[in-house]
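Asker:
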Amino acid sequence: MEIPINTASPLTMHVDLNACFAMTEQQANPLLQGRPIAVTNRLSSDWSTIIAPSYEAKRLGVRCGTRVGEAKRLAPGIVILETDPPKYRYVHGVLKSIFEDYAPRVTMKSIDEGVLDFRGTDYVRRGRSLQAIGYEIKARIREELGNWMTVNVGIGPNWFLAKLAASLNKPDGLNVIDHTNLEGIYLCSALTDLNGINVRFRNRLLAQGITTPYEFLHAPEQVLTKQVFRSINGRHWYHRLRGYEVDDISFGMRHVGKQYVLHHRTAEPQELRQVLYKLCYYISRRLRRYDLAARGLWLDIKYTPAHSSGHLDTPPDSLPRWFQRHCFSEAFYSLEDLYEKAAWLFSQSPPGLTVQQFSLTTYQLGQRQGDQLYLYETALQRGERVEQALQAVNDRYGELTLVPASLLGHEKHVPEKIAFGSVRYLTK
Amino acid sequence: MATEIINEPVTILASFRRGLRGGGIAQPEIMHWRGRRYRIARMGLRYPTQQGHRMLHRFTFVVNETMFEVEFDAENLTWQLTKTSDGNPD
């Protein structure tokens, strides 16, 4: 049965900060406003990727994912900056609190974008349009964060169309998509303009003779389900394109991990175990903060190629790699437990290779259960109390103020990096 | 010069007013550093950062084509000039 386009009032608003990290850096340093700049997670290598170019840099061809060296070639004089998480965390917090002043239900989709659900509110009944609220939110953001900060606002009957509306007229746009203009917007958009349609899905659509979003809209559900997506996704797309909500779901935290690219590449096991210990330290802190325990652990190591001298300009995606994961019968969260398991995985890795990057991830997460009570204190409990005391000192005075003796001389902080699109660690 | 790390104590004259959502807004107005007086006209961003329980508020502003970043230690009530930048690549 064919389903008509949703004619309900558009009550979902998507707000998206333009080129978030770059714009925040331009706000923080007004001398950079109007100039090509870009933000990367690591300044030291020309192979690092740009995670946020400013609009001025985008006009010169610099994109998310462009290598730093290539960005310098495309935009001579470009200012490359390293990510500064406290700034972005602050901006994220201000955006969220502004959104919460207007809508009862706010979902932050990533560090720089949020969805405001106005269903059930009486704004419209009181004669206030969502466009007026959108303009007010834009003004509030400029007032509270600074004049350089602009956002795109999109309004639609579901999150997908609200996001599509927010992608029109960048930067600083405000657009509404509803049943009256939906087909017109699809007629002048490309398939890859739709959020969720990447090159692979576009090719699948093209293979079925669907070349535009307009044709996508009018494709029968059977074709989408059986031939294009070959899954329930086809049905979701059929509804999504018509303005019905299918994306209003959220997932809990499914893994906690940390990645570290070594400045000093080494094959020395003792030094590598110290790096591993530091990763365990941060992961254990996060697990405790969220009252979680894990059962699974994944270690992923990238090596400097044998023919290379280990210099910094080796492209990370072409490195030799080894990984191993294991699901343990007992849940774990303490630093010592975590390190013991990580070291066991590490002991299975090929020896003698120069390590460039470590990535350690815990999975199979569950809420931490209360520890069993014993009549007499056990060595395990004493260890736990020592660890709690260590964590309390570091909470008070800052990360790695107090470290285990095995880390002495290697206390250097593993800097926090922002995972674009993730707000997992920003809420606590 | 592009970015220069300074980390020197400075004297700041700041104003405090009530913000839109009930919280306060602090804004440096005048900075004294190395015997010179800088009147701050163009603010950049203010954002908090933590070292353990110690809350540090960072402020950025521009005076005479130089960007200054200062840090207010809310525990010890001290100001420090952390860095300057002329906005050019390092």
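The listed protein sequences correspond, in order, to chains L and H. For our numbering, add 8 to where a residue sits in the first sequence, where the first one is 1. In terms of our numbering, the second sequence has 18 at position 20, counting the first letter as 1, and numbering is strictly consecutive. Every residue, glycine too, gets a C-beta built ideally from N, C-alpha and C.
(1) Restricting to runs no shorter than 3 residues, where is the beta strand (DSSP E) found entirely within the segment 235 to 299 of chain L?
(2) Which same chain residues, not among the five before or five after residue 122 of chain L, have their C-beta less than 7 angstroms away from its C-beta?
(3) Which of the residues in the segment 75 to 91 of chain L, read from start to end, lie with their CB under 8 angstroms from any CB of chain H?
(4) In chain L, which residues lie with their C-beta within 9 angstroms of the C-beta of residue 63 of chain H?
(5) Quick check on this structure: which residue in L:118, L:305, L:177 has the alpha carbon closest to the alpha carbon of residue 332 of chain L?
(6) Roughly how many whole angstroms lie between the Cα atoms of residue 46 of chain L and residue 67 of chain L?
(7) Identify the contact partners of residue 25 of chain H in chain L, using a Cβ-Cβ distance below 8 angstroms as the criterion.
(8) Where do the ends of the beta strand (DSSP E) carrying residue 81 of chain H lie?
(9) Identify, in the order they occur along the chain, each residue of the same chain with its Cβ nearer than 7 angstroms to the Cβ of residue 36 of chain L, setting aside the five sequence neighbours on each side.
(10) Which residues mark the beginning and the end of the beta strand (DSSP E) in which residue 46 of chain L is found?
(11) With DSSP as the reference, label residue 176 of chain L as helix, strand or coil.
(12) Give the single residue among L:368, L:297, L:337 whose Cα lies nearest to the Cα of residue 350 of chain L.
(13) Who are the Cβ neighbours of residue 80 of chain H in its own chain at under 8 angstroms, not counting the five residues just before and after it?
(14) When you compare only the Cα positions, how much space is there between residue 153 of chain L and residue 29 of chain L?
(15) What residues from the segment 26 to 44 of chain H come within 9 angstroms of chain L, judged by C-beta to C-beta, listed N to C?
(16) Mind listing which residues of the segment 25 to 36 of chain L have their C-beta closer than 8 angstroms to chain H's C-betas, in chain order?
(17) Can you find the residues in the same chain that come closer than 8 angstroms, C-beta to C-beta, to residue 179 of chain L, ignoring five residues on each side of it along the sequence?
(18) Helix, strand or coil, according to DSSP, for residue 38 of chain L in the structure here?
(19) Please name the residue in L:390, L:89, L:97, L:193 whose C-alpha comes closest to that of residue 85 of chain H.
(20) Note down, in chain order, each residue of its chain lying with its Cβ closer than 8 angstroms to the Cβ of residue 128 of chain L, except the 5 sequence neighbours on either side.
(21) Under a CB-based cut-off of 8 angstroms, is residue 60 of chain H close to chain L?
(22) Thinking just about the alpha-carbon of each residue, which of L:191, L:156, L:360 is nearest to the one in residue 279 of chain L?
(23) Taking the C-alpha atoms as reference points, what is the distance between residue 295 of chain L and residue 266 of chain L?
(24) According to the Cβ coordinates, are residue 98 of chain L and residue 141 of chain L closer than 8 angstroms?
(25) Would residue 18 of chain L and residue 185 of chain L be called neighbours here (beta carbons separated by less than 8 angstroms)?
(26) Checking contacts by CB at 8 angstroms: is residue 76 of chain H closer than that to chain L?
(27) Any chance the segment 284 to 292 of chain L sits against the segment 334 to 350 of chain L, with 3 or more Cβ pairs inside 8 angstroms?
(28) Please look up how many angstroms separate the CB atoms of residue 32 of chain L and residue 76 of chain L, rounded, as I've assumed it's under 8 angstroms.
(29) When the distance is taken between beta carbons, is residue 339 of chain L closer than 8 angstroms to residue 303 of chain L?
(30) Hey, how far is the Cα of residue 406 of chain L from the Cα of residue 398 of chain L?
(31) What's the C-alpha gap between residue 48 of chain H and residue 54 of chain H?
(32) Going by C-alpha distance, which of H:51, H:16, H:82, H:77 is nearest residue 26 of chain H?
(33) Note down the Cα distance separating residue 257 of chain L from residue 44 of chain H, rounded to an integer number of angstroms.
(34) Compare the C-alpha of residue 307 of chain L against each of L:293, L:313, L:299, L:283 and name the closest.
(35) Under three-state DSSP, which class holds residue 46 of chain H?
(36) Cα separation between residue 169 of chain L and residue 163 of chain L?
Answerer: So, from the data block:
(1) Listed in chain order, the complete beta strand (DSSP E) runs (minimum 3 residues) inside the segment 235 to 299 of chain L are 263 to 274.
(2) Here residue 122 of chain L refers to the residue found at position 114 when the first sequence is read from its first residue. Hits under 7 angstroms: 23, 103, 104, 107, 114, 115, 116.
(3) For the segment 75 to 91 of chain L, the set of positions with a beta-carbon nearer than 8 angstroms to some beta-carbon of chain H reads 85, 86, 87, 88 in chain order.
(4) Here the question's residue 63 of chain H lines up with position 65 in the second sequence. The answer, in chain order, is 39.
(5) Residue 332 of chain L sits at position 324 when you count from the first residue of the first sequence. Comparing Cα-Cα distances from residue 332 of chain L to each of L:118, L:305, L:177, the minimum goes to L:305.
(6) Taking the first residue of the first sequence as position 1, residue 46 of chain L is located at position 38. Taking the first residue of the first sequence as position 1, residue 67 of chain L is located at position 59. Taking the straight line joining both Cα atoms gives about 12 angstroms.
(7) Along the second sequence, read from residue 1 onward, the residue named residue 25 of chain H stands at position 27. In chain order: nothing, as chain L lies at least about 12 angstroms away.
(8) Counting from one through the second sequence, the residue named residue 81 of chain H turns up at place 83. Note, residue 81 of chain H: beta strand (DSSP E), 76 to 83.
(9) Position 28 of the first sequence, counted from the first residue, corresponds to residue 36 of chain L. Sequence-distant partners of residue 36 of chain L (beyond 5 residues in either direction) whose C-beta falls short of 7 angstroms from its own C-beta, in its chain, are 95.
(10) Walking along the first sequence from the start, residue 46 of chain L turns up at place 38. Where residue 46 of chain L is concerned, the enclosing beta strand (DSSP E) stretches over 45 to 48.
(11) On the first sequence, position 168 is the one that residue 176 of chain L refers to. Residue 176 of chain L falls in the coil class under three-state DSSP.
(12) Your numbering for residue 350 of chain L matches position 342 in the first sequence. The shortest Cα separation from residue 350 of chain L among L:368, L:297, L:337 belongs to L:368.
(13) Counting from one through the second sequence, the residue named residue 80 of chain H turns up at place 82. The answer, listed in chain order, is 3, 4, 5, 56, 67, 68, 69.
(14) Counting from one through the first sequence, the residue named residue 153 of chain L turns up at place 145. Counting from one through the first sequence, the residue named residue 29 of chain L turns up at place 21. Each residue's alpha carbon lies about 13 angstroms from the other.
(15) Residues of the segment 26 to 44 of chain H with a C-beta less than 9 angstroms from any C-beta of chain L: 40, 41, 42, 43, 44, listed in chain order.
(16) For the segment 25 to 36 of chain L, the residues whose beta carbon sits under 8 angstroms from a beta carbon of chain H are, in order, 32, 35, 36.
(17) Taking the first sequence and counting its residues from 1, one reaches residue 179 of chain L at position 171. Cβ neighbours of residue 179 of chain L within its own chain (closer than 8 angstroms, five residues either side excluded): 26, 27, 63, 158, 160.
(18) Looking up residue 38 of chain L in the first sequence gives position 30. In the structure shown, residue 38 of chain L adopts helical secondary structure according to DSSP, grouped into three states.
(19) To locate residue 85 of chain H, count along the second sequence from 1; it is residue 87. Answer by Cα proximity: L:89.
(20) The residue labelled residue 128 of chain L in the question sits at position 120 within the first sequence. Counting only Cβ-Cβ distances below 8 angstroms, and skipping sequence neighbours, we find 112.
(21) Indexing the second sequence from 1 puts residue 60 of chain H at position 62. Yes, residue 60 of chain H counts as interfacial toward chain L.
(22) Numbered from its first residue, the first sequence carries residue 279 of chain L at position 271. When each option's Cα is compared against that of residue 279 of chain L, the closest is L:360.
(23) As a working mapping, residue 295 of chain L is identified with position 287 in the first sequence. As a working mapping, residue 266 of chain L is identified with position 258 in the first sequence. Those two C-alpha atoms are separated by around 12 angstroms.
(24) Translated into positions along the first sequence, residue 98 of chain L becomes position 90. Translated into positions along the first sequence, residue 141 of chain L becomes position 133. With contacts defined by Cβ atoms closer than 8 angstroms, residue 98 of chain L and residue 141 of chain L do not form a contacting pair.
(25) Here the question's residue 18 of chain L lines up with position 10 in the first sequence. Here the question's residue 185 of chain L lines up with position 177 in the first sequence. Yes; because the gap between Cβ atoms is below 8 angstroms, this pair is in contact.
(26) Walking along the second sequence from the start, residue 76 of chain H turns up at place 78. Cβ-Cβ to chain L under 8 angstroms: no for residue 76 of chain H.
(27) Yes, they touch.
(28) In the first sequence, the residue the question calls residue 32 of chain L occupies position 24. In the first sequence, the residue the question calls residue 76 of chain L occupies position 68. Not really, about 19 angstroms apart at Cβ, beyond 8 angstroms.
(29) Walking along the first sequence from the start, residue 303 of chain L turns up at place 295. Walking along the first sequence from the start, residue 339 of chain L turns up at place 331. Cβ distance < 8 angstroms, so residue 303 of chain L and residue 339 of chain L count as in contact.
(30) The residue labelled residue 406 of chain L in the question sits at position 398 within the first sequence. The residue labelled residue 398 of chain L in the question sits at position 390 within the first sequence. Between residue 406 of chain L and residue 398 of chain L, the C-alpha separation is close to 11 angstroms.
(31) The residue labelled residue 48 of chain H in the question sits at position 50 within the second sequence. The residue labelled residue 54 of chain H in the question sits at position 56 within the second sequence. When rounded, the separation of the alpha-carbon atoms in residue 48 of chain H and residue 54 of chain H is 6 angstroms.
(32) As a first step, residue 26 of chain H must be located in the second sequence, where it is residue number 28. Looking at the Cα atoms, H:77 is the closest of the given residues.
(33) To locate residue 257 of chain L, count along the first sequence from 1; it is residue 249. To locate residue 44 of chain H, count along the second sequence from 1; it is residue 46. Inter-residue distance for residue 257 of chain L and residue 44 of chain H is about 34 angstroms (C-alpha atoms, whole angstroms).
(34) For the purposes of this step, residue 307 of chain L is taken as residue 299 along the first sequence, with counting starting at 1. It is L:283 whose Cα lies nearest to the Cα of residue 307 of chain L.
(35) Reading the second sequence from its first residue, position 48 is the one you call residue 46 of chain H. Of the three classes helix, strand and coil, the one that applies to residue 46 of chain H here is strand, per DSSP.
(36) The sequence position of residue 169 of chain L within the first sequence is 161, counting from 1. The sequence position of residue 163 of chain L within the first sequence is 155, counting from 1. In this structure, the straight-line span from the alpha carbon of residue 169 of chain L to that of residue 163 of chain L is close to 7 angstroms.
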